[in-house]
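Below is one structure, written out as structure tokens; the observations come after it.
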Amino acid sequence: MIDHCGRDINYMRISVTELCNLRCKYCMPEEGICKRSHDEMMTAEETIDAVRAAVSLGISKIRITGGEPLVKRGIVQLCKQIAGIDGVRELCMTTNGTLLADCARDLKEAGLDRINISLDTLNPQKFRDITRLGDLQDVFDGIEAAFAAGFDAIKLNVVLMGGFNDDEIADFVALTKDRPLEVRFIELMPIGGGIDFDKGKFISCKRVLEAVPELVSLDLADGVAAMYQLPGAKGRVGLIRPISCEFCGDCNKIRLTADGMLKPCLHSDVEISIRGKSQAEMQEIMRQAILDKPQMRGMLDADNPSHAGRDMNRIGG
Ligand code: SAM
Ligand code: SF4
3 MIDHCGRDIN YMRISVTELC NLRCKYCMPE EGICKRSHDE MMTAEETIDA
53 VRAAVSLGIS KIRITGGEPL VKRGIVQLCK QIAGIDGVRE LCMTTNGTLL
103 ADCARDLKEA GLDRINISLD TLNPQKFRDI TRLGDLQDVF DGIEAAFAAG
153 FDAIKLNVVL MGGFNDDEIA DFVALTKDRP LEVRFIELMP IGGGIDFDKG
203 KFISCKRVLE AVPELVSLDL ADGVAAMYQL PGAKGRVGLI RPISCEFCGD
253 CNKIRLTADG MLKPCLHSDV EISIRGKSQA EMQEIMRQAI LDKPQMRGML
303 DADNPSHAGR DMNRIGG
């Protein structure tokens with residue numbers, strides 16, 4: 003469906019849970035969050051209705067996210083149901099990868115097309131530090147399980163943080179030499195818990211090109227990522243620049259939170275509830291939300307944080 007400024011909105015990100023087994027410092031509070039009661043959250047049936055409503059409006063790509071989607075009970079079955087909906091052309095998931103080793107094959111069989119795995123460091127101590135809880139080996143095992151299950155073009159999401167992983171940029175890029183991995187560097191956003199964490203750590207994606215000048219621009223975009231490649235490499239490198247390069251004109255997505263709020267724009271506090279609505283009512287709410295999707299997000303930097311009004315684990319990235 004075309005919005006009021008001519009953008010084709012064909013992509014919906016669905017957060018299926020606010021809960022997570024990690025506590026990344028830029029995303030979640032150290033103490034975690036209070037588990038909310040079932041009746042405050044979307045049921046699987048409501049989520050399916052929401053996908054059907056979205057598809058009827060021209061949405062064809064769905065991304066499952068969280069919190070951590072793999073801590074959600076019944077996630078494989080939910081993926082299977084969504085993949086089976088006519089009009090869903092691409093079903094993707096963003097995960098921290100720690101629980102993937104045990105379910106990559108089931109997810110593939112359920113119809114999941116693509117996986118993005120978030121990984122900000124290749125160093126076990128630094129991984130434990132930034133996630134407060136995680137074991138890096140679990141993510142490595144998850145990546146291998148995803149390859150073995152037949153997922154191709156696996157994407158690694160790396161949030162760039164000055165003084166934390168800027169010294170690992172070349173190592174991440176080197177991972178693309180021999181495997182069909184897409185390493186996507188993402189600029190840290192001042193949003194939710196990231197607002198305080200962000201101060202002094204933001205670095206622009208330009209730093210990637212300075213660290214690895216051999217990267218060649220492919221003169222194409224994969225969604226909002228500008229694509230690069232090392233000469234002769236099997237994989238690619240994407241730069242996602244929500245801060246240094248405002249890309250609202252190319253935005254093609256809406257978001258649905260686990261508590262049933264439709265978010266037409268990541269950085270706006272406008273949220274419209276679809277929980278407890280019929281599929282027809284959901285369709286009407288989505289149509290209006292897409293029509294009214296904000297044209298631009300406004301200023302965004304450490305001094306002008308996002309107006310999203312939620313931590314990232316309660317939005318889904
Ligand atoms: N738990 C899953 C994961 O980590 O991939 C899915 C949810 S997580 C909120 C989705 C994505 O948002 C991750 O790639 C994460 O790194 C990113 N993210 C979270 N907070 C962020 C921030 N302040 N700035 C940039 N990216 C952020
Ligand atoms: Fe959890 Fe993902 Fe947030 Fe990390 S980024 S705390 S893994 S939801």
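The sequence shown lines up with residues 3 to 319 when you count with my numbering. Every residue gets a Cβ at the ideal spot worked out from N, C-alpha and C, and that includes glycine.
Going by C-alpha distance, which of the options is nearest residue i?
i: V1; options: A148, I197, G194 and R209; result: Residue 1 cannot be examined here, being either before or after the span of the chain that is shown, 3 to 319.
i: D154; options: I274, A106 and G196; result: A106
i: T67; options: N98, I292, P233 and C7; result: N98
i: D143; options: D104, L109 and K179; result: D104
i: S280; options: R38, C22 and T49; result: T49
i: M43; options: I242, D173, L258 and N254; result: L258
i: G237; options: I245, E184 and P244; result: E184
i: E189; options: R243, N315 and N23; result: R243
i: D221; options: Q231, E212, V214 and A213; result: Q231
i: D200; options: D169, A228, G164 and V78; result: G164
i: A52; options: I287, Q139 and A150; result: I287
i: I77; options: E170, E111, S39 and G225; result: E111
i: N254; options: N23, A85, L59 and E20; result: L59
i: I145; options: M284, N159 and G195; result: N159
i: A260; options: A282, K37, C26 and A55; result: K37
i: M14; options: G225, A235, F249 and A304; result: G225
i: A227; options: M284, E248 and I205; result: E248
i: I35; options: A172, K63 and G69; result: G69
i: I64; options: R316, V141, I256 and E216; result: I256
i: D305; options: F204, A85 and D122; result: F204
i: I84; options: T100, L102, S62 and L101; result: S62
Can residue i and residue j be called in contact, C-beta distance under 8 Å?
i: M3; j: D313; result: no
i: L72; j: A46; result: no
i: V218; j: T178; result: no
i: I245; j: M191; result: yes
i: T96; j: L24; result: no
i: Y28; j: V161; result: yes
i: I193; j: I156; result: no
i: K74; j: G113; result: no
In the structure shown, what three-state DSSP assignment does residue i receive?
i: Q297; result: coil
i: V239; result: strand
i: N23; result: coil
i: I50; result: helix
i: D168; result: helix
i: M288; result: helix
i: V175; result: helix
i: E92; result: strand
i: R181; result: coil
i: R316; result: helix
i: F153; result: coil
i: D271; result: coil
i: D305; result: coil
i: D261; result: coil
i: D10; result: strand
Exposed or buried, which one is residue i when buried takes at least 16 other CB atoms within 10 Å?
i: D10; result: exposed
i: V90; result: buried
i: Q297; result: exposed
i: S17; result: buried
i: E33; result: exposed
i: H269; result: buried
i: P266; result: buried
i: L93; result: buried
i: N167; result: buried
i: A150; result: exposed
i: P182; result: exposed
i: S308; result: buried
i: C7; result: exposed
i: M263; result: buried
When you measure from the CB of residue i to every non-hydrogen atom of ligand 3, does any distance come out below 7 Å?
i: C22; result: By its list of ligands, the structure shown excludes ligand 3, since it contains just ligand 1 and ligand 2.
query: In the region 193-248, which residue ranges form an unbroken beta strand (DSSP E) of at least 3 residues, counting only runs that do not cross its ends?
result: Counting whole runs of 3 or more residues, the region 193-248 contains the beta strand (DSSP E) stretches 218-224, 227-231 and 238-242.
| query | Which ranges does the alpha helix (DSSP H) cover as unbroken runs of at least 4 residues, wholly within the region 29-83, from first to last along the chain? | reply | Counting only runs of 4 or more, we get 46-58.
For the region 97-145, which segments carrying the beta strand (DSSP E) assignment without a break, of at least 3 residues, lie completely within its bounds, in sequence order?
For the region 97-145, whole beta strand (DSSP E) runs of length 3 or above, ordered along the chain, are 116-120.
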